[in-house]
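Residue numbers (the working numbering), protein chains in the order written: chain A, 1 to 64; chain B, 1 to 323.
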């Protein structure tokens, strides 16, 4: 079967760079770091994990 | 009155907004439709011309008549986390959840009906043109010869996904990519292909529109760069002034699409023209706020926190006006 043209330009999806070091806290309704601080308090971490960037939802969403 | 947020647990961009709403003392219920049924429960009774009911997750309960607004951020597919997942159960859960929420007449960011249409890239281009944006010549086709003719006419081309989705079996990334005009276009017959004239750009622009509030950021681009999402040239996003013409076009676009939120991508050429590439109705904004300091989470929270306007239009239809 012929390959769709656009797929000639596809590349392997990059694996997540690091393990996400926070977890959802349903009581507070936001993610927390292991020391209990909100994940959003660590801007450097958010940028490093790319969880807020324009490819963050590409696996399950396509509105980035 | 409560803000209802439909999103997945790992969505830290939502955390930024929940934090603001918390500081303002605005009640929030955050849940993932993927947890219905299970950790999320629903009950709604139709009586005397309307639905009355509630949603619950954990120890939180929200009345469907007590909704201030609904933010559809990154929701999972209904029932996705159940142990006996089936297409039927997903459909049942989806219709139960969204069908009753549509009946509430509350404000949505964005209404699912408006969002569904706004995702369609071909439609976006047409609406963008009619809104007053500059739009690059674009072709969507399954005819190889038409693709060859388009390539012969414009020469400098890119290919991108029509849907915006990436291939998933196996997982692949499909960045917007430059195409040799003499490429073999036979594969166009095997799948709808979107070709677009490449805009040589000096910068990428991300404009975020929340209700009537606009803010834009610019990132300098390498002249050879095509898709800034998949390259790192070391440039950072910085706040950008929005030309008056673009302000008017954005408002026209938001009115035509009935969106409350939109993240617009533009290519800025050497003449300073902003070329419309797409508008992502659920586009990310966290990375822009983190790099520019623009208070986008505050703006989203303020929109969600506004008291609902009187009901308008027919039940289940998208809101006629943005809040």
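Don't be surprised by glycine CBs; every beta carbon is placed ideally from N, CA and C.
C-beta contact flag for residue i and residue j at 8 Å
{"i": "residue 230 (chain B)", "j": "residue 175 (chain B)", "result": "yes"}
{"i": "residue 3 (chain B)", "j": "residue 69 (chain B)", "result": "yes"}
{"i": "residue 285 (chain B)", "j": "residue 296 (chain B)", "result": "yes"}
{"i": "residue 73 (chain B)", "j": "residue 11 (chain B)", "result": "yes"}
{"i": "residue 30 (chain B)", "j": "residue 65 (chain B)", "result": "no"}
{"i": "residue 53 (chain B)", "j": "residue 100 (chain B)", "result": "yes"}
{"i": "residue 202 (chain B)", "j": "residue 156 (chain B)", "result": "no"}
{"i": "residue 177 (chain B)", "j": "residue 162 (chain B)", "result": "no"}
{"i": "residue 219 (chain B)", "j": "residue 237 (chain B)", "result": "yes"}
{"i": "residue 257 (chain B)", "j": "residue 62 (chain B)", "result": "no"}
{"i": "residue 152 (chain B)", "j": "residue 193 (chain B)", "result": "no"}
{"i": "residue 167 (chain B)", "j": "residue 7 (chain A)", "result": "yes"}
{"i": "residue 58 (chain B)", "j": "residue 26 (chain A)", "result": "yes"}
{"i": "residue 134 (chain B)", "j": "residue 204 (chain B)", "result": "no"}
{"i": "residue 143 (chain B)", "j": "residue 188 (chain B)", "result": "yes"}
{"i": "residue 15 (chain B)", "j": "residue 10 (chain A)", "result": "no"}
{"i": "residue 243 (chain B)", "j": "residue 274 (chain B)", "result": "yes"}
{"i": "residue 40 (chain B)", "j": "residue 21 (chain B)", "result": "no"}
{"i": "residue 118 (chain B)", "j": "residue 77 (chain B)", "result": "no"}
{"i": "residue 1 (chain B)", "j": "residue 67 (chain B)", "result": "yes"}
Cα-Cα separation, residue i to residue j
{"i": "residue 22 (chain A)", "j": "residue 32 (chain A)", "result": "5 Å"}
{"i": "residue 43 (chain A)", "j": "residue 190 (chain B)", "result": "44 Å"}
{"i": "residue 179 (chain B)", "j": "residue 5 (chain A)", "result": "10 Å"}
{"i": "residue 303 (chain B)", "j": "residue 145 (chain B)", "result": "48 Å"}
{"i": "residue 41 (chain A)", "j": "residue 301 (chain B)", "result": "17 Å"}
{"i": "residue 200 (chain B)", "j": "residue 45 (chain A)", "result": "33 Å"}
{"i": "residue 208 (chain B)", "j": "residue 215 (chain B)", "result": "5 Å"}
{"i": "residue 293 (chain B)", "j": "residue 23 (chain B)", "result": "18 Å"}
{"i": "residue 91 (chain B)", "j": "residue 79 (chain B)", "result": "9 Å"}
{"i": "residue 13 (chain B)", "j": "residue 5 (chain B)", "result": "12 Å"}
{"i": "residue 131 (chain B)", "j": "residue 210 (chain B)", "result": "17 Å"}
{"i": "residue 232 (chain B)", "j": "residue 110 (chain B)", "result": "31 Å"}
{"i": "residue 186 (chain B)", "j": "residue 196 (chain B)", "result": "17 Å"}
{"i": "residue 32 (chain B)", "j": "residue 270 (chain B)", "result": "44 Å"}
{"i": "residue 43 (chain B)", "j": "residue 306 (chain B)", "result": "26 Å"}
{"i": "residue 259 (chain B)", "j": "residue 26 (chain B)", "result": "23 Å"}
{"i": "residue 49 (chain B)", "j": "residue 276 (chain B)", "result": "44 Å"}
{"i": "residue 249 (chain B)", "j": "residue 17 (chain B)", "result": "27 Å"}
{"i": "residue 57 (chain A)", "j": "residue 183 (chain B)", "result": "With a pLDDT of 48 at residue 57 (chain A), under the threshold of 50, the modelled position of that residue is not reliable, and no figure is offered here."}
{"i": "residue 20 (chain A)", "j": "residue 251 (chain B)", "result": "37 Å"}
{"i": "residue 261 (chain B)", "j": "residue 281 (chain B)", "result": "6 Å"}
{"i": "residue 47 (chain B)", "j": "residue 30 (chain A)", "result": "36 Å"}
{"i": "residue 24 (chain A)", "j": "residue 37 (chain A)", "result": "12 Å"}
{"i": "residue 321 (chain B)", "j": "residue 120 (chain B)", "result": "At residue 321 (chain B) the pLDDT is 47, less than 50, meaning the model places this residue with poor confidence; the figure from the coordinates comes in the next sentence. Taking the straight line joining both Cα atoms gives about 21 Å."}
{"i": "residue 28 (chain A)", "j": "residue 34 (chain A)", "result": "14 Å"}
{"i": "residue 13 (chain A)", "j": "residue 226 (chain B)", "result": "18 Å"}
{"i": "residue 154 (chain B)", "j": "residue 160 (chain B)", "result": "16 Å"}
{"i": "residue 279 (chain B)", "j": "residue 105 (chain B)", "result": "25 Å"}
{"i": "residue 235 (chain B)", "j": "residue 222 (chain B)", "result": "9 Å"}
{"i": "residue 245 (chain B)", "j": "residue 103 (chain B)", "result": "37 Å"}
{"i": "residue 45 (chain B)", "j": "residue 37 (chain B)", "result": "17 Å"}
{"i": "residue 1 (chain A)", "j": "residue 125 (chain B)", "result": "31 Å"}
{"i": "residue 9 (chain B)", "j": "residue 112 (chain B)", "result": "20 Å"}
{"i": "residue 114 (chain B)", "j": "residue 247 (chain B)", "result": "21 Å"}
{"i": "residue 122 (chain B)", "j": "residue 129 (chain B)", "result": "11 Å"}
{"i": "residue 181 (chain B)", "j": "residue 173 (chain B)", "result": "22 Å"}
{"i": "residue 241 (chain B)", "j": "residue 116 (chain B)", "result": "30 Å"}
Can you list, in chain order, the residues of the stretch 35-47 of chain A whose Cβ is nearer than 7 Å to any Cβ on chain B?
With the criterion set as a beta carbon lying under 7 Å from some beta carbon of chain B, the members of the stretch 35-47 of chain A are 38, 39, 40, 43, 46 and 47, in sequence order.
Report the start-end ranges of each alpha helix (DSSP H) in the stretch 42-121 of chain B that is 4 residues or longer and not cut off at the edges.
For the alpha helix (DSSP H) assignment, the uninterrupted runs of no fewer than 4 residues enclosed by the stretch 42-121 of chain B are, from N- to C-terminal side, 87-102 and 112-118.
If we require 3 or more residues per run, which beta strand (DSSP E) segments fall completely within the stretch 170-256 of chain B?
The stretch 170-256 of chain B contains these whole beta strand (DSSP E) runs: 177-179, 193-197, 203-210, 213-220 and 238-240.
Of the residues that make up the stretch 5-17 of chain A, which ones have a beta carbon closer than 9 Å to any beta carbon in chain B?
Within the stretch 5-17 of chain A, contact with chain B at the beta-carbon level (separation under 9 Å) is assigned to 5, 6, 7, 8, 9, 10, 11, 12, 13 and 14.
What runs of the alpha helix (DSSP H), each 4 residues or longer, lie entirely inside the stretch 4-33 of chain B?
Taking only runs of at least 4 residues, the alpha helix (DSSP H) segments lying wholly in the stretch 4-33 of chain B are 12-24.
Which residues, in order along the stretch 3-17 of chain B, keep a beta-carbon less than 9 Å from a beta-carbon of chain A?
Per Cβ criterion, the list reads 5, 8, 9, 10, 11, 12, 13, 14, 15 and 16.
Note down, in chain order, all residues in the stretch 76-105 of chain B with a beta-carbon under 8 Å from any beta-carbon belonging to chain A.
Here the close residues are 76.
Could you list the residues in the stretch 144-173 of chain B with a C-beta less than 7 Å from some C-beta on chain A, going in chain order?
Residues of the stretch 144-173 of chain B with a C-beta atom less than 7 Å from some C-beta of chain A are 159, 161, 163, 164, 165, 166, 167, 171, 172 and 173, listed in chain order.
For the stretch 129-141 of chain B against the stretch 96-111 of chain B, are there 3 or more C-beta pairs whose distance is under 8 Å?
Result no; under three Cβ-Cβ pairs closer than 8 Å.
Are there three or more Cβ pairs, one per stretch, closer than 8 Å when the stretch 76-93 of chain B is compared with the stretch 35-52 of chain A?
No: the two stretches stay apart, fewer than three of their Cβ pairs being nearer than 8 Å.
What residue ranges within the stretch 261-301 of chain B form continuous beta strand (DSSP E) runs of no fewer than 3 residues, ordered along the chain?
Within the stretch 261-301 of chain B, the beta strand (DSSP E) runs of at least 3 residues that lie entirely inside it are, in chain order, 261-268 and 274-280.
Residues in the stretch 277-309 of chain B with C-beta within 7 Å of chain A's C-beta atoms, listed in sequence order?
Those would be 280, 281, 282, 283, 284, 286, 287 and 290, in chain order.
Using a Cβ-Cβ cutoff of 9 Å, what residues of the stretch 32-60 of chain B are near chain A? List them in chain order.
Per Cβ criterion, the list reads 39, 57, 58, 59 and 60.
Selection of the stretch 233-266 of chain B by Cβ proximity to chain A, strictly under 7 Å
So nothing in the stretch comes that close.
To be precise: take each residue of the stretch 208-223 of chain B, compare its Cβ to all Cβ atoms of chain A, and keep it if any distance is under 8 Å. Which residues remain?
Cβ contacts with chain A: none found.
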